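Going by the UniProt record's numbering, the letters in the sequence shown line up with residues 1 to 318, in that order.
Beta carbons are placed, not taken as given, at the ideal position from N, Cα and C, and that holds for glycine.
Being a predicted model, the structure only gives us computed values, none of them experimental.
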Amino acid sequence: MTEVNPFPYSLDNKRYHTWNYCLRKQFGMKIFKVALDGGFDCPNRDGTVARGGCTFCSAAGSGDFAGDRQFDLKTQFDDIRHKMHHKWKDGKYIAFFQAFTNTHAPVSVLREKYETVMNEEGVVGLSIATRPDCLPDDVVDYLAELNERTYLWVELGLQSAHDETGKLINRAHDYDMYLEGVEKLHARGIRVCTHIINGLPKETPDMMLETARKVAESGVEGIKIHLLHLLKGTPMVEDYKRGDLEFMTQEDYINLVCDQLELLPKEMVIHRITGDGGVSDLIGPMWSLNKFEVLNAIDRELVWRDSYQGKYFSGVKA
Numbered sequence: 001m002t003e004v005n006p007f008p009y010s011l012d013n014k015r016y017h018t019w020n021y022c023l024r025k026q027f028g029m030k031i032f033k034v035a036l037d038g039g040f041d042c043p044n045r046d047g048t049v050a051r052g053g054c055t056f057c058s059a060a061g062s063g064d065f066a067g068d069r070q071f072d073l074k075t076q077f078d079d080i081r082h083k084m085h086h087k088w089k090d091g092k093y094i095a096f097f098q099a100f101t102n103t104h105a106p107v108s109v110l111r112e113k114y115e116t117v118m119n120e121e122g123v124v125g126l127s128i129a130t131r132p133d134c135l136p137d138d139v140v141d142y143l144a145e146l147n148e149r150t151y152l153w154v155e156l157g158l159q160s161a162h163d164e165t166g167k168l169i170n171r172a173h174d175y176d177m178y179l180e181g182v183e184k185l186h187a188r189g190i191r192v193c194t195h196i197i198n199g200l201p202k203e204t205p206d207m208m209l210e211t212a213r214k215v216a217e218s219g220v221e222g223i224k225i226h227l228l229h230l231l232k233g234t235p236m237v238e239d240y241k242r243g244d245l246e247f248m249t250q251e252d253y254i255n256l257v258c259d260q261l262e263l264l265p266k267e268m269v270i271h272r273i274t275g276d277g278g279v280s281d282l283i284g285p286m287w288s289l290n291k292f293e294v295l296n297a298i299d300r301e302l303v304w305r306d307s308y309q310g311k312y313f314s315g316v317k318a
């Protein structure tokens with residue numbers, strides 16, 4: 001009897017459902033994400049819900065590797081596309097609206113920006129990063145329209161499922177608001193990728209595992225697991241100076257990510273399992289700059305455990 005492969009979602013022997021595998025299966029070729037700055041603001045900065053922004057967020061609105069907003073979207077897109085083709089000869093593109101909150105504008109503005117990049121040659125989809133409190137009905141209606149016309153992901157920042165952490169980092173929305181956002185998008189058949197951050201101030205490993213467990217239960221189709229990296233000029237620097245923030249070690253992070261992967265359903269797409277900041281602005285942890293070392297260590301840990309994504313998923317979804 002042939003044994004069923006418990007981790008089939010990979011083209012490169014990973015034991016988790018990789019973003020690369022997902023896109024290759026969908027399109028049969030290499031797909032690049034082209035990260036853009038659409039010139040949006042954030043309701044957590046402009047006073048709509050709060051001011052100051054999340055305490056971890058950079059001046060670039062977590063779009064430090066996106067295009068430059070002083071240039072129009074077509075110029076940004078062309079510049080990044082050409083850079084990517086230095087590494088990969090062929091492929092098509094997902095336009096990724098990354099910086100700040102990319103549904104925080106009237107639908108007429110969203111339509112103008114999204115349609116501009118959708119008309120670029122080779123664009124096969126959109127990925128739109130936003131907050132769960134920026135999904136009014138007319139915006140969701142437009143997202144549902146886009147979902148009928150292109151390959152769409154909406155990326156929702158959760159960061160932590162613990163409201164006490166949300167208050168500490170000035171997130172300005174609670175976990176229930178996240179669930180409402182997921183429900184609104186799922187009601188229209190829209191894929192959701194949830195962002196979480198490991199290593200936030202005063203969070204224990206058990207709290208971080210609980211966040212992963214709750215994301216699994218929310219039924220979203222994808223997840224981005226980030227490592228907290230402290231950047232110069234962010235409000236969280238004050239937490240660090242007071243001693244309220246201690247960086248995770250590389251070993252602890254690797255073990256935690258493997259624990260989290262084991263709790264996620266096998267079909268959930270893992271868009272990212274670490275995060276890094278620009279070297280000139282990074283305060284720590286400095287080991288986060290060794291991205292491939294971290295990724296390879298996660299692979300080795302899963303092999304050592306004889307484990308894989310979904311091994312301990314309970315099967316219960318909200």
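- For Gln26, the enclosing alpha helix (DSSP H) begins and ends at Trp19 to Phe27.
- Within the stretch 62 to 117, the complete beta strand (DSSP E) segments at least 3 residues long are 92 to 97, listed from N- to C-terminus.
- The criterion of a C-beta distance shorter than 8 Å is satisfied by Leu263 and Arg213.
- Among the bridge pairs identified by DSSP, Arg272 is matched with Lys224.
- For Gly181, the three-state secondary structure derived from DSSP is helix.
- Per DSSP, Val294 has no beta bridge partner at all.
- DSSP places Val237 in the helix class (H, G or I) of the three-state scheme.
- For Leu143, the enclosing alpha helix (DSSP H) stretches over residues Asp137 to Arg149.
- Residues Ile254 and Cys258 of the same chain have their beta carbon placed closer than 6 Å to that of Glu301, with the five preceding and five following residues left out of the count.
- Spatial neighbours of Thr130 in its own chain (CB-CB distance under 8 Å, excluding positions within 5 residues in sequence) are listed in chain order as Thr101, Asn102, Thr103, His104, Val154, Glu155, Leu156 and Gly157.
- The Cβ neighbour count for Met248, taken over all protein chains shown within 10 Å, is at least 16; the residue is labelled buried.
- A residue is called buried when at least 16 other Cβ atoms come within 10 angstroms of its Cβ; His85 does not meet this threshold and is exposed.
- Contact between Met268 and Glu221 holds: their C-beta atoms lie close to 7 Å from each other, under 8 Å.
- About 4 Å separates the Cβ atoms of Thr55 and Pro235, confirming a contact at the 8 Å cut-off.
- Runs of the alpha helix (DSSP H) lying entirely within the stretch 158 to 222, each at least 4 residues long, are 163 to 168, 175 to 187 and 205 to 218 in chain order.
- With contacts defined as CB atoms closer than 8 Å, Ile223 and Thr18 fail to qualify as a contacting pair.
- Within its own chain, the residues whose Cβ lies closer than 6 Å to the Cβ of His226, once the five positions on either side in sequence are excluded, are Ile197 and Gly275, listed in chain order.
- Per DSSP, reduced to three states, the secondary structure at Val154 is strand.
- Three or more beta-carbon pairs separated by less than 8 Å link the stretch 120 to 134 to the stretch 83 to 98, which places the two stretches in contact.
- The straight-line gap separating the alpha-carbon atoms of Glu293 and Asp141 is approximately 42 Å.
- Closest by C-alpha distance to Glu148, out of Arg242, Gly189 and Leu110, is Gly189.
- In the three-state scheme derived from DSSP, where H, G and I count as helix and E and B as strand, Ser58 is classed as coil.
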